[in-house]
(Lines of atoms letter the chains of each structure in order from A and count residues from 1; the text may use other names and numbers.)
(Lines give C-alpha, C1' and ligand atoms only; values in the text may rest on other atoms or scores of the structure.)
Protein backbone atom coordinates (compact mmCIF):
# COMPACT_ATOMS: atom_id res chain seq x y z
CA UNK A 1 0.00 0.00 0.00
CA UNK A 2 2.83 2.38 0.87
CA UNK A 3 4.54 1.53 -2.41
CA UNK A 4 1.36 2.34 -4.33
CA UNK A 5 1.05 5.66 -2.52
CA UNK A 6 4.67 6.51 -3.31
CA UNK A 7 4.05 5.83 -6.99
CA UNK A 8 0.86 7.89 -6.92
CA UNK A 9 2.68 10.70 -5.14
CA UNK A 10 5.45 10.65 -7.74
CA UNK A 11 3.04 10.86 -10.67
CA UNK A 12 1.05 13.56 -8.87
CA UNK A 13 4.19 15.67 -8.73
CA UNK A 14 4.83 15.04 -12.41
CA UNK A 15 1.24 15.92 -13.26
CA UNK A 16 1.41 19.18 -11.31
CA UNK A 17 4.46 20.21 -13.34
CA UNK A 18 2.71 19.73 -16.70
CA UNK A 19 2.11 23.19 -18.18
CA UNK A 20 -1.30 24.16 -19.50
CA UNK A 21 0.20 25.25 -22.79
CA UNK A 22 0.54 23.84 -25.37
CA UNK A 23 -0.86 20.32 -24.99
CA UNK A 24 -3.70 20.75 -22.48
CA UNK A 25 -4.80 24.12 -23.82
CA UNK A 26 -4.83 22.91 -27.43
CA UNK A 27 -6.77 19.79 -26.43
CA UNK A 28 -9.31 22.03 -24.70
CA UNK A 29 -9.70 24.23 -27.78
CA UNK A 30 -10.02 21.20 -30.04
CA UNK A 31 -12.70 19.39 -28.05
CA UNK A 32 -14.73 22.54 -27.44
CA UNK A 33 -14.67 23.48 -31.14
CA UNK A 34 -15.64 19.92 -32.07
CA UNK A 35 -18.55 20.01 -29.63
CA UNK A 36 -19.58 23.36 -31.08
CA UNK A 37 -19.54 21.81 -34.55
CA UNK A 38 -21.73 18.91 -33.32
CA UNK A 39 -24.56 21.33 -32.55
CA UNK A 40 -27.45 21.13 -34.98
CA UNK A 41 -27.05 23.55 -37.89
CA UNK A 42 -23.55 24.63 -36.83
CA UNK A 43 -21.88 23.67 -40.13
CA UNK A 44 -24.30 25.58 -42.34
CA UNK A 45 -24.07 28.53 -39.95
CA UNK A 46 -20.26 28.45 -40.13
CA UNK A 47 -20.29 28.44 -43.93
CA UNK A 48 -22.70 31.37 -44.16
CA UNK A 49 -21.50 33.35 -41.10
CA UNK A 50 -17.83 32.41 -40.49
CA UNK A 51 -17.04 35.44 -38.33
CA UNK A 52 -20.01 34.81 -36.06
CA UNK A 53 -18.96 31.18 -35.76
CA UNK A 54 -15.44 32.30 -34.84
CA UNK A 55 -16.79 34.59 -32.11
CA UNK A 56 -18.93 31.73 -30.81
CA UNK A 57 -15.86 29.49 -30.61
CA UNK A 58 -14.01 32.14 -28.60
CA UNK A 59 -16.92 32.50 -26.18
CA UNK A 60 -17.16 28.73 -25.90
CA UNK A 61 -13.46 28.11 -25.25
CA UNK A 62 -13.11 30.96 -22.75
CA UNK A 63 -16.51 30.49 -21.11
CA UNK A 64 -15.10 29.42 -17.74
CA UNK A 65 -12.66 32.34 -17.52
CA UNK A 66 -15.30 34.86 -18.62
CA UNK A 67 -17.78 33.55 -16.05
CA UNK A 68 -15.17 33.56 -13.26
CA UNK A 69 -14.16 37.14 -14.11
CA UNK A 70 -17.81 38.16 -14.10
CA UNK A 71 -18.42 36.68 -10.65
CA UNK A 72 -15.26 38.29 -9.25
CA UNK A 73 -15.94 41.67 -10.83
CA UNK A 74 -12.93 41.52 -13.14
CA UNK A 75 -12.84 42.65 -16.76
CA UNK A 76 -14.57 40.11 -19.01
CA UNK A 77 -12.22 40.81 -21.91
CA UNK A 78 -9.07 39.67 -20.07
CA UNK A 79 -8.86 36.37 -22.06
CA UNK A 80 -8.75 38.39 -25.29
CA UNK A 81 -5.51 40.09 -24.26
CA UNK A 82 -3.44 36.96 -24.95
CA UNK A 83 -3.06 37.13 -28.72
CA UNK A 84 -1.02 33.92 -28.82
CA UNK A 85 -3.93 31.95 -27.40
CA UNK A 86 -6.39 33.69 -29.75
CA UNK A 87 -4.18 32.86 -32.74
CA UNK A 88 -3.89 29.17 -31.76
CA UNK A 89 -7.63 28.96 -31.12
CA UNK A 90 -8.30 30.53 -34.52
CA UNK A 91 -6.11 27.94 -36.26
CA UNK A 92 -7.87 25.06 -34.48
CA UNK A 93 -11.30 26.57 -35.21
CA UNK A 94 -10.42 26.87 -38.91
CA UNK A 95 -9.20 23.26 -39.05
CA UNK A 96 -12.36 21.98 -37.33
CA UNK A 97 -14.75 23.76 -39.70
CA UNK A 98 -12.82 24.38 -42.93
CA UNK A 99 -9.98 21.85 -43.14
CA UNK A 100 -9.56 20.44 -46.70
CA UNK A 101 -11.34 17.09 -47.04
CA UNK A 102 -12.40 17.59 -43.40
CA UNK A 103 -9.34 15.57 -42.37
CA UNK A 104 -8.84 17.27 -38.99
CA UNK A 105 -12.34 16.46 -37.77
CA UNK A 106 -12.31 12.96 -39.27
CA UNK A 107 -9.10 12.12 -37.40
CA UNK A 108 -10.17 13.43 -33.99
CA UNK A 109 -13.63 11.89 -34.25
CA UNK A 110 -12.02 8.44 -34.36
CA UNK A 111 -12.59 6.65 -31.06
CA UNK A 112 -8.94 6.45 -29.87
CA UNK A 113 -8.26 10.12 -30.59
CA UNK A 114 -11.56 11.24 -29.04
CA UNK A 115 -10.78 9.28 -25.86
CA UNK A 116 -7.34 10.90 -25.75
CA UNK A 117 -9.00 14.32 -26.03
CA UNK A 118 -11.39 13.44 -23.19
CA UNK A 119 -8.50 12.46 -20.91
CA UNK A 120 -6.51 15.60 -21.72
CA UNK A 121 -9.62 17.70 -21.21
CA UNK A 122 -10.07 16.30 -17.69
CA UNK A 123 -6.45 17.13 -16.87
CA UNK A 124 -7.13 20.66 -18.13
CA UNK A 125 -10.31 20.80 -16.01
CA UNK A 126 -8.50 19.76 -12.81
CA UNK A 127 -5.88 22.47 -13.26
CA UNK A 128 -8.58 25.03 -14.06
CA UNK A 129 -10.44 24.16 -10.85
CA UNK A 130 -7.28 24.84 -8.87
CA UNK A 131 -6.75 28.11 -10.71
CA UNK A 132 -10.33 29.19 -9.97
CA UNK A 133 -10.02 28.39 -6.26
CA UNK A 134 -6.74 30.30 -6.11
CA UNK A 135 -8.33 33.32 -7.86
CA UNK A 136 -11.20 33.40 -5.37
CA UNK A 137 -9.03 32.80 -2.31
CA UNK A 138 -6.99 35.92 -3.04
CA UNK A 139 -10.05 38.13 -2.63
CA UNK A 140 -12.19 35.98 -0.31
CA UNK A 141 -9.87 33.61 1.62
CA UNK A 142 -12.54 32.39 4.06
CA UNK A 143 -15.58 32.29 1.74
CA UNK A 144 -16.06 28.63 0.86
CA UNK A 145 -19.09 29.19 -1.38
CA UNK A 146 -17.29 31.87 -3.38
CA UNK A 147 -14.25 29.64 -3.90
CA UNK A 148 -16.46 26.70 -4.89
CA UNK A 149 -18.42 28.90 -7.32
CA UNK A 150 -15.30 30.27 -9.01
CA UNK A 151 -13.61 26.86 -9.12
CA UNK A 152 -16.76 25.39 -10.66
CA UNK A 153 -17.04 28.20 -13.21
CA UNK A 154 -13.42 27.76 -14.26
CA UNK A 155 -13.64 23.98 -14.37
CA UNK A 156 -17.05 23.31 -15.87
CA UNK A 157 -16.72 25.41 -19.07
CA UNK A 158 -20.46 25.16 -19.57
CA UNK A 159 -21.65 28.76 -19.57
CA UNK A 160 -21.99 29.12 -23.32
CA UNK A 161 -24.29 31.62 -25.08
CA UNK A 162 -26.88 28.95 -25.87
CA UNK A 163 -27.01 27.91 -22.19
CA UNK A 164 -27.67 31.34 -20.73
CA UNK A 165 -31.40 30.74 -21.01
CA UNK A 166 -31.05 27.53 -18.96
CA UNK A 167 -29.09 29.27 -16.21
CA UNK A 168 -32.45 30.28 -14.75
CA UNK A 169 -33.45 26.62 -14.61
CA UNK A 170 -30.58 25.85 -12.25
CA UNK A 171 -32.09 28.13 -9.62
CA UNK A 172 -35.79 27.64 -10.38
CA UNK A 173 -37.82 25.80 -7.76
CA UNK A 174 -40.33 24.57 -10.36
CA UNK A 175 -37.86 22.49 -12.37
CA UNK A 176 -35.85 19.34 -11.51
CA UNK A 177 -32.91 20.23 -13.79
CA UNK A 178 -30.47 21.27 -11.04
CA UNK A 179 -26.81 20.95 -12.11
CA UNK A 180 -27.67 18.62 -14.95
CA UNK A 181 -24.13 18.67 -16.37
CA UNK A 182 -21.83 15.94 -15.13
CA UNK A 183 -18.76 18.14 -15.58
CA UNK A 184 -20.32 20.76 -13.30
CA UNK A 185 -20.66 18.18 -10.54
CA UNK A 186 -17.06 17.07 -11.08
CA UNK A 187 -15.91 20.67 -10.84
CA UNK A 188 -17.86 21.18 -7.61
CA UNK A 189 -16.36 18.07 -6.00
CA UNK A 190 -12.91 19.04 -7.21
CA UNK A 191 -13.26 22.56 -5.81
CA UNK A 192 -14.34 21.21 -2.41
CA UNK A 193 -11.38 18.80 -2.26
CA UNK A 194 -8.90 21.52 -3.25
CA UNK A 195 -10.28 23.88 -0.59
CA UNK A 196 -10.11 21.17 2.09
CA UNK A 197 -6.48 20.47 1.22
CA UNK A 198 -5.61 24.17 1.27
CA UNK A 199 -7.31 24.46 4.67
CA UNK A 200 -5.31 21.43 5.89
CA UNK A 201 -8.48 19.45 6.51
CA UNK A 202 -7.17 16.53 4.43
CA UNK A 203 -3.80 14.87 4.78
CA UNK A 204 -3.04 15.11 1.07
CA UNK A 205 -1.12 17.53 -1.10
CA UNK A 206 -2.64 19.71 -3.82
CA UNK A 207 -0.90 17.76 -6.66
CA UNK A 208 -2.36 14.51 -5.32
CA UNK A 209 -5.87 15.94 -5.30
CA UNK A 210 -5.41 17.31 -8.82
CA UNK A 211 -4.32 13.92 -10.13
CA UNK A 212 -7.19 12.22 -8.33
CA UNK A 213 -9.74 14.65 -9.82
CA UNK A 214 -8.23 14.24 -13.28
CA UNK A 215 -8.24 10.43 -13.04
CA UNK A 216 -11.81 10.20 -11.75
CA UNK A 217 -13.03 12.64 -14.38
CA UNK A 218 -11.20 10.76 -17.15
CA UNK A 219 -12.62 7.40 -16.09
CA UNK A 220 -16.16 8.77 -15.91
CA UNK A 221 -15.90 10.52 -19.26
CA UNK A 222 -14.54 7.42 -20.98
CA UNK A 223 -17.24 5.23 -19.40
CA UNK A 224 -19.97 7.64 -20.50
CA UNK A 225 -18.54 7.74 -24.02
CA UNK A 226 -18.14 3.98 -24.42
CA UNK A 227 -21.39 2.99 -22.73
CA UNK A 228 -23.42 5.94 -24.06
CA UNK A 229 -24.70 6.83 -20.59
CA UNK A 230 -25.66 10.33 -19.56
CA UNK A 231 -24.78 10.93 -15.90
CA UNK A 232 -22.94 8.48 -13.62
CA UNK A 233 -23.95 10.52 -10.57
CA UNK A 234 -27.64 9.70 -11.07
CA UNK A 235 -27.64 6.50 -9.00
CA UNK A 236 -25.67 8.13 -6.17
CA UNK A 237 -28.04 11.10 -6.13
CA UNK A 238 -31.06 8.81 -6.02
CA UNK A 239 -29.58 6.83 -3.11
CA UNK A 240 -28.85 10.01 -1.13
CA UNK A 241 -32.28 11.44 -1.93
CA UNK A 242 -33.97 8.24 -0.74
CA UNK A 243 -32.36 8.66 2.69
CA UNK A 244 -32.21 12.42 3.26
CA UNK A 245 -34.87 13.89 0.99
CA UNK A 246 -37.76 11.48 1.17
CA UNK A 247 -41.29 12.74 0.74
CA UNK A 248 -43.08 12.71 4.15
CA UNK A 249 -45.96 10.29 4.57
CA UNK A 250 -48.12 13.06 5.99
CA UNK A 251 -48.04 16.64 4.73
CA UNK A 252 -49.22 19.85 6.31
CA UNK A 253 -52.02 21.64 4.52
CA UNK A 254 -50.58 24.96 3.39
CA UNK A 255 -53.18 25.83 0.75
CA UNK A 256 -54.49 29.38 0.50
CA UNK A 257 -58.10 28.22 0.95
CA UNK A 258 -57.38 26.95 4.47
CA UNK A 259 -55.67 30.22 5.38
CA UNK A 260 -58.66 32.24 4.19
CA UNK A 261 -61.08 30.14 6.25
CA UNK A 262 -59.02 30.69 9.36
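Numbering (my numbering), first residue to last: -12 to 249.
Where a beta carbon is used, it is the ideal one built from N, C-alpha and C, also for glycine.
- In the pairwise beta carbon analysis, the segment 17 to 35 is classified as touching the segment 44 to 54: at least three pairs are separated by under 8 Å.
- Residue burial is scored here from C-beta neighbours: residue 5 has fewer than 16 other C-beta atoms within 10 angstroms and is therefore classed as exposed.
- Close CB contacts of residue 181 within its chain, under the 7 Å cut and outside five residues either way in sequence, are with 116, 117, 120, 138, 193 and 196 (chain order).
- Residue 65 and residue 59 have their C-alpha atoms roughly 13 Å apart.
- The alpha helix (DSSP H) runs lying completely inside the segment 190 to 232 and spanning 4 residues or more are 193 to 214 and 221 to 231, given in chain order.
- Scanning 68, 67 and 53 for the CA closest to the CA of residue 61 turns up 53.
- Between residue 92 and residue 106, the C-beta gap is not smaller than 8 Å, which leaves the two residues out of contact.
- Less than 8 Å separates the beta-carbon of residue 169 from that of residue 219.
- Taking a C-beta distance under 8 Å as the contact criterion, residue 111 and residue 15 qualify as a contact pair.
- In the three-state scheme derived from DSSP, where H, G and I count as helix and E and B as strand, residue 8 is classed as helix.
- Membership of residue 63 in any alpha helix (DSSP H) is not indicated, and neither H nor E is assigned to it by DSSP.
- The alpha carbon of residue 13 has as its nearest neighbour, out of 143, 73 and 213, the alpha carbon of 73.
- A distance below 8 Å separates the beta carbons of residue 18 and residue 104.
- Closest by C-alpha distance to residue 80, out of 40, 57 and 109, is 40.
- Annotation: residue 223 to residue 102 spans about 25 Å, alpha carbon to alpha carbon.
- Taking all protein chains shown into account, residue 234 has fewer than 16 neighbouring C-beta atoms within 10 Å of its C-beta and is therefore exposed.
- In the displayed model, residue 23 falls within a helix according to three-state DSSP.
- The alpha carbon of residue 174 has as its nearest neighbour, out of 203, 212 and 143, the alpha carbon of 143.
- DSSP places residue 240 in the coil class of the three-state scheme, outside both helix and strand.
- Short of 6 Å from the beta carbon of residue 34, and not among the five residues preceding or following it, lies no beta carbon of its own chain.
- Nearest in C-alpha terms to residue 201, of all of 113, 126 and 211, is 113.
- A direct Cα-Cα distance of roughly 38 Å separates residue 231 from residue 26.
- By the 16-neighbour rule on beta-carbons within 10 angstroms, residue 56 is buried.
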